[in-house]
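In my numbering, the protein residues as written are 19 to 171.
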């Protein structure tokens, strides 16, 4: 989304990756369809708590942090959805970038992305297949090999 990066030079990689994920999720003929269908539909993080669940957290720092994060997400969503509709309406028609979809995409990126240290900088990436094995108590190393230009597990 070059127009987004041009308009907001400080936009973070996670946001761009989340928007790319939403674009692919909408494309009926996406080559990533089977992989994307394997992603969780919801998450069990506090961002997804009901009001009654949130009330259980009152008085804790997690309650305040979650409320702040939700407000940030709402503000970012409002700015991004307006911008994307105005500049990429073929991908994000009016009213089509819901807060729930946006929150889902941000959550997928947070849970399943990797940070790769490349010769010319650091990037955030979603890697089909590898994203499903980044949990558990198995001693595993993930890195990008700049000499072979490949991801090594």
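Built from N, CA and C at the ideal position, the CB exists for glycine as well. Computed from a prediction, not measured in an experiment: that's the story for all the values here.
Check: In the DSSP assignment, find the unbroken beta strand (DSSP E) run with residue 86 in it and report its ends.; Outcome: Unbroken run through residue 86 is the alpha helix (DSSP H), 79 to 105; no beta strand (DSSP E).
Check: If you run the structure through DSSP and keep just helix, strand and coil, what is residue 120?; Outcome: helix
Check: Take residue 116 as the anchor and find which of 31, 105, 96 has the nearest alpha-carbon.; Outcome: 96
Check: Anyone know if the C-beta pair for residue 169 and residue 137 falls short of 9 Å?; Outcome: no
Check: Can you pull the DSSP bridge partners for residue 163?; Outcome: 168
Check: Can you check whether the CB of residue 54 is closer than 9 Å to the CB of residue 39?; Outcome: yes
Check: At what residues does the beta strand (DSSP E) containing residue 40 begin and finish?; Outcome: No beta strand (DSSP E) contains residue 40, which is instead part of the alpha helix (DSSP H) from 31 to 44.
Check: So, for residue 119: in the same chain, excluding its five sequence neighbours on each side, which residues have a beta-carbon less than 7 Å away from its beta-carbon?; Outcome: 40
Check: Would you give the residue range spanned by the beta strand (DSSP E) that residue 136 belongs to?; Outcome: 132 to 136
Check: Could you check where the alpha helix (DSSP H) with residue 52 kicks off and where it finishes?; Outcome: 51 to 55
Check: Based on the DSSP secondary-structure assignment, which residues constitute the bridge partners of residue 139?; Outcome: 136
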